[in-house]
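What follows is one structure encoded as structure tokens, with my remarks underneath.
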Amino acid sequence: MLQIKNLHANIDGKEILKGLSLDIPAGEVHAIMGPNGAGKSTLSYILAGREEYEVTEGEIIFNGVNMLDLAPEERAAAGLFLAFQYPVEIPGVQMTNFMKTALNAIRKQRGEAELDALDFLKLLKAKQKDLGISDDMLKRPVNVGFSGGEKKRNEVLQMAMLNPSFAVLDETDSGLDIDALRIVADGVNRLRAPERSFLVITHYQRLLDYIVPDHVHVLANGKIVKSGGPELAKELEAKGYADFMGEAA
Ligand code: ADP
Ligand code: MG
Ligand code: MG
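Taking my numbering, the leading residue of the sequence shown gets 95, the next gets one more, and so forth.
The following block contains the structure:
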């Protein structure tokens, strides 16, 4: 589904990714772990299409298409979803309206008809119930004054509504509490399916106790330096990243 080949990327003239390769088939959950500053978030921003990152070499193929040729909204229409480390607050825009606009924008990009108000609400109700989100929360402006857990719930709701074929989750290093971890993990686990893949990016092993990945990769100094199964995450938890930092250097 997603193939990253020999990706090199700069920001402000500094090379951050230095030949990163990764292959994620349909239906799999891959985790990337790595020390702070390794380039994990850089990878997620490049997948998102943030223009301040300059790709100098390599390619990203998503379902047979060169993703680097696509604008961010075209990537979303092609089935990519990114959950960010720090969700943005949008004062004045109600959650429900935001969700409807986002969903219909993607449908339009895909050449699909807009959902009418009734069908939209039906879909929203179903997902909302799964996630234990109150009507009250959906009437509030997007993320404004939301707790960390509510922001996460909102993100997972967006993911469930947009029904992406590939989702990237870049978790904050500063640590979600256990409740927020469970919200994210339950949301992801519920969406695991043969036609959908996930890339879970995390500094800590904890999240991977809840989302058990098919494959774990270590990103250090701008490239993947080791890959393995879920046991690799446990090994990193016990030993830290010191070995890999030496290897990468
Ligand atoms: P991680 O998510 O693995 O902790 P990041 O991708 O956030 O790592 O950062 C990778 C490296 O890129 C770090 O050394 C960071 O300081 C550097 N970096 C990130 N953004 C910028 C920027 N705007 N200008 C210069 N360096 C940056
Ligand atoms: Mg970091
Ligand atoms: Mg990061």
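Backbone N, C-alpha and C fix where the C-beta goes; we use that ideal spot for every residue, glycine too.
Asked, Found
"Is the segment 125-140 touching the segment 287-295 in the sense that three or more CB pairs, one from each, lie closer than 8 Å?", "yes"
"Would residue 264 pass as a contact of residue 135 if the rule is Cβ separation under 9 Å?", "yes"
"Short of 6 Å in beta carbon distance, which residues of its chain neighbour residue 204, apart from the five on each side in sequence? Order them along the chain.", "171"
"Quick check on this structure: which residue in 244, 117, 225 has the alpha carbon closest to the alpha carbon of residue 234?", "244"
"Here's the rule I'm using: 16 or more other beta-carbon atoms within 10 Å means buried, otherwise exposed. How should residue 342 be labelled?", "Caution is warranted here: a pLDDT of 48 is assigned to residue 342, below 50, making its placement in the model unreliable, and the coordinate value is therefore given only provisionally. Counting Cβ neighbours within 10 Å, residue 342 comes out buried, since at least 16 surround it."
"Taking all protein chains shown into account, decide if residue 212 is buried (16 or more other Cβ within 10 angstroms of its Cβ) or exposed.", "exposed"
"Per DSSP, what kind of secondary structure is residue 262 in: helix, strand or coil?", "strand"
"For ligand 1, list every residue whose C-beta falls under 6 Å from any of its heavy atoms, going in chain order.", "105, 106, 108, 110, 128, 130, 131, 132, 133, 134, 135, 136"
"Is any heavy atom in ligand 3 found nearer than 8 Å to the beta carbon of residue 295?", "yes"
"Going by beta carbon distance, what residues of the same chain come within less than 6 Å of residue 155, once the five residues before and after it are set aside?", "97"
"Taking only the alpha-carbon atoms, compute the straight-line gap between residue 225 and residue 107 and give it to the nearest angstrom.", "43 Å"
"Check whether the segment 106-120 and the segment 313-322 touch, using three or more Cβ-Cβ pairs below 8 Å as the test.", "yes"
"On a Cα-Cα basis, can you pick out the residue from 130, 182, 99, 129 that is closest to residue 141?", "99"
"Determine contact between the segment 217-232 and the segment 180-195, defined as no fewer than three beta-carbon pairs at a distance below 8 Å.", "yes"
"Taking the alpha helix (DSSP H) that residue 203 belongs to, which residues open and close that run?", "189-203"
"According to DSSP, simplified to helix, strand and coil, what is residue 130?", "coil"
"Could you say which of 188, 249, 200, 275 lies nearest to residue 298 if we only look at CA atoms?", "275"
"How big is the Cα-Cα spacing for residue 188 and residue 335?", "42 Å"
"Does DSSP put residue 288 in a helix, a strand or coil?", "coil"
"Are the CB atoms of residue 254 and residue 290 nearer to each other than 9 Å?", "no"
"Checking 9 Å against the spacing of the C-beta atoms, do residue 259 and residue 157 come in under that value?", "yes"
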